[in-house]
Ligand code: ARG
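Numbering (the numbering used here), first residue to last: 6 to 566.
Put into structure tokens, the structure is as follows:
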């Protein structure tokens, strides 16, 4: 049962919708005051009354019942006490009835959301900079599906541009087929780096590269075959990472896929008189909207990133008829998205309003930043493997006799990388630190995983669980039930704000409250059989909730640690 909703619907505030009341209801910092609180200062303006008076009069008109047992007005807050027994058993019953679906809903039924994420560049390193888009997008994909939406995962591959001409030039000059076959992205990247180094002394290589790129575009058989081979090698390499991170796509249509789909966009722009010439290039002037012009065609007639994105947006609308199309891309590209969204709007595409740039902050390693051209990059694969190794060392120290140490280390290490990228509000820049993400006592995935292992172990020791009636409850127990009950709302909010961090924070909050409960209340050695059964049920419900939350983030939970 959603108590906030229950209260919101029962309250009548003139000129304020029950949805607004619902949003305003919060959990008070101190549970002695009540289980939920409505801060009345939010309505002072509309009602032209002081918060204290509003709280008083709302209290007078509120009739308590079997759900809300007490209402009080304190300093402009309206506090509610819930009939705990009913609340607690309803929450646990719901969790057991729904199991893996606890937290799910059907709010998105019939709606399609495209998610453009990860969107790696062919033949370039899959580096730590791609971590956020990959795990954020992956989480949003799972979250939206969990809420009944049809999510379409799209890897908008960066497979278009002169860099492929450069690679062909470098490969023909220095390349070795077997070495590249074996080395994958790393070997391709070395070629790319070498090209840039040597082109400094041989500027003619650059011309050669441009010529090769033209050949790809013109469909030259040999060049096209090399290009496809680079692409295949890259995708094979990244697949390993996607598997570890539990990442899936429904489409790999990348930039080159739109080569033959841009002309209609260009024609339409012309027809609608939106194109102007600027230094030989064709651009859409956006000065009126405070932006630099959006370049559509270069002076040599070649297309740009924005042109391909516009063709892609149109293609997605035609193909998937999306209700929303998300782009999970770093904030460095803010202007790019603002520009082409605006141009589509100016073209009269009513659906331009459904395009959303889900921007996120930078991830850097403690060791420093990187540049693809110079070759000093940090491969994501190396970061993940290092995390797994470190996790193994810690686990081996803590529990040398544990079975499947490798498997556990993998879940812990991969989880640490994912959680490290998802725990903070996505727009924040983060500095990735191995010690921090693997801290067993921090706000980390391993802390949550360890808590789950603790819960599993209690349940295993107990064996079969029996029925119970809700006993006299401590604040610690009630706080835990309230925390786990928040999952459905948390998942919805995460989808609405494109913030998987809400779910990560939910998990840490639940784990902290469970540990308090675990140390404060005897579970297996409870005062009586009924209390023991209740506490076991609470333990099982906690574990289920944490499993569901972590599944949405793409993080596994070991049974034992
Ligand atoms: N490949 C691009 C990059 O690494 C990201 C593409 C994002 N998606 C898009 N539709 N523009 O910067």
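Beta carbons: idealized from backbone N, C-alpha and C, even for Gly.
Bear in mind the structure is a predicted one, so any value in this text is a computation, not a measurement.
Worksheet item: In three-state DSSP terms, what is residue 544?
Response: Residue 544: helix per DSSP, three-state reduction.
Practice prompt. Identify every residue that forms a DSSP beta bridge with residue 119.
Written response: Its beta-bridge partners are 157, 330.
Discussion item. I'd like the span of the beta strand (DSSP E) that includes residue 319, first residue to last.
Written reply: That residue, residue 319, is in no beta strand (DSSP E); its alpha helix (DSSP H) goes 310-325.
Item to complete: Give a yes or no on whether the C-beta atoms belonging to residue 169 and residue 221 are separated by under 8 Å.
Response: Result yes, Cβ atoms of residue 169 and residue 221 sit closer than 8 Å.
Worksheet item: Which residue or residues does DSSP assign as beta-bridge partners of residue 365?
Response: BP columns for residue 365 point to 335.
Discussion item. Looking at the strands, I want to know which residues DSSP matches up with residue 256.
Written reply: Residue 256 pairs with 159.
Discussion item. Beta-carbon within less than 8 Å of residue 552's beta-carbon, same chain only, minus the 5 sequence neighbours each way: which residues are those?
Written reply: Cβ within range, chain order: 105, 457, 562.
Discussion item. Does the beta-carbon of residue 137, which I'm using as the reference point, lie nearer than 7 Å to any heavy atom of the ligand ARG?
Written reply: The closest heavy atom of the ligand ARG lies 7 Å or more from the beta carbon of residue 137.
Practice prompt. With distances taken Cα to Cα, identify the nearest neighbour of residue 239 among 160, 42, 446.
Written response: Out of 160, 42, 446, 160 has the C-alpha closest to the C-alpha of residue 239.
Fill in: Rounded C-alpha distance that separates residue 385 from residue 236
Cα to Cα, residue 385 sits roughly 18 Å from residue 236.
Discussion item. Only counting the same chain, and skipping five residues up and downstream in sequence, which positions put a Cβ closer than 7 Å to that of residue 467?
Written reply: Within the same chain, Cβ atoms closer than 7 Å to the Cβ of residue 467 are found at 529, 541, the five residues on either side in sequence being excluded.
Worksheet item: What residue from 459, 436, 208, 445 has the CA that sits closest to residue 402's CA?
Response: The residue with the shortest Cα to Cα distance from residue 402 is 445.
Discussion item. Just to confirm the assignment: which complete alpha helix (DSSP H) runs, minimum length 4, are found wholly within the stretch 207-241?
Written reply: Runs found: 209-223.
Worksheet item: From what residue to what residue does the alpha helix (DSSP H) around residue 493 run?
Response: It spans 492-501 - the alpha helix (DSSP H) in which residue 493 sits, taken as one unbroken run.
Worksheet entry | Assigned secondary structure, residue 109 (DSSP; H/G/I helix, E/B strand, else coil) | Residue 109 sits in coil when the DSSP states are folded into three classes, being neither helix nor strand.
Fill in: Delimiting residues of the alpha helix (DSSP H) encompassing residue 74
Looking at the DSSP string, residue 74 is not in any alpha helix (DSSP H); the run it does join, the beta strand (DSSP E), is 73-79.
Worksheet item: Who pairs with residue 41 in a beta bridge, going by DSSP?
Response: 85, per the DSSP bridge assignment.
Worksheet item: Among residues of its own chain, excluding the 5 on either side of residue 122, which ones have a beta-carbon nearer than 6 Å to its beta-carbon?
Response: So the list reads 138, 142, 333, once near-sequence residues are dropped.
Item to complete: Give me the Cα-Cα distance between residue 184 and residue 326, rounded to the nearest whole angstrom.
Response: For residue 184 and residue 326, the distance between alpha carbons rounds to 44 Å.
Practice prompt. Under the assumption that residue 603 contacts residue 500 (Cβ atoms under 8 Å), give the Cβ distance between them as a whole number of angstroms.
Written response: This structure cannot speak to residue 603, because the chain is shown only from 6 to 566.
Worksheet item: Quick one: Cα of residue 2 to Cα of residue 514, how far?
Response: Outside the shown range of the chain (6 to 566) lies residue 2, about which nothing can therefore be said.
Fill in: Any non-hydrogen atom of the ligand ARG within 7 Å of residue 255 CB
No - the ligand ARG has no heavy atom lying nearer than 7 Å to the Cβ of residue 255.
Worksheet entry | Sequence-distant residues of the same chain with beta carbon closer than 7 Å to residue 12, five excluded per side | Within the same chain, residue 12 has close Cβ partners 30, 41, 73, 85.
Worksheet entry | Endpoints, beta strand (DSSP E) assigned at residue 283 | 280-283 is the span of the beta strand (DSSP E), which, as asked, contains residue 283.
Item to complete: Report the rounded CA-to-CA distance for residue 82 versus residue 14, giving the unit in angstroms.
Response: As the crow flies, the alpha-carbon of residue 82 is around 18 Å from that of residue 14.
Worksheet item: Closer than 7 Å: is that where the CB of residue 334 sits relative to any heavy atom of the ligand ARG?
Response: Yes - the ligand ARG has a heavy atom lying nearer than 7 Å to the Cβ of residue 334.
Discussion item. If you follow the beta strand (DSSP E) that residue 289 is in, where does it begin and where does it stop?
Written reply: Here the beta strand (DSSP E) through residue 289 covers 286-289.
Item to complete: Run the proximity test for residue 314: is its beta-carbon closer than 7 Å to any non-hydrogen atom belonging to the ligand ARG?
Response: Placement of the Cβ of residue 314 at a distance of less than 7 Å from at least one heavy atom of the ligand ARG is found.
Item to complete: In angstroms with no decimal places, state the Cα-to-Cα distance between residue 286 and residue 355.
Response: Rounded to whole angstroms, residue 286 to residue 355 spans 27 Å at the Cα level.
Fill in: beta strand (DSSP E) segment containing residue 436, residue limits
Boundaries of the beta strand (DSSP E) around residue 436: 435-437.
Worksheet item: Relative to the alpha-carbon of residue 495, which residue among 464, 554, 518 has its alpha-carbon at the smallest distance?
Response: Cα-wise, what sits closest to residue 495 is 554.
Item to complete: Can you have a look at residue 130 and say buried or exposed, based on whether 16 or more other CB atoms are within 10 angstroms of its CB?
Response: So residue 130 ends up on the buried side.
Worksheet item: Taking the alpha-carbon positions, what's the residue 306 to residue 316 distance?
Response: C-alpha separation (whole angstroms): 16 Å.
Fill in: Sub-8 Å separation of residue 397 and residue 366 beta-carbons
For the 8 Å CB-CB criterion, residue 397 and residue 366 do not form a contact.
Discussion item. The beta strand (DSSP E) that contains residue 302, what's its start and end?
Written reply: For residue 302, the uninterrupted beta strand (DSSP E) run begins and ends at 299-302, by DSSP.
Worksheet entry | residue 127 - containing alpha helix (DSSP H), residue span | It is not in any alpha helix (DSSP H) - residue 127 carries neither H nor E in the DSSP assignment.
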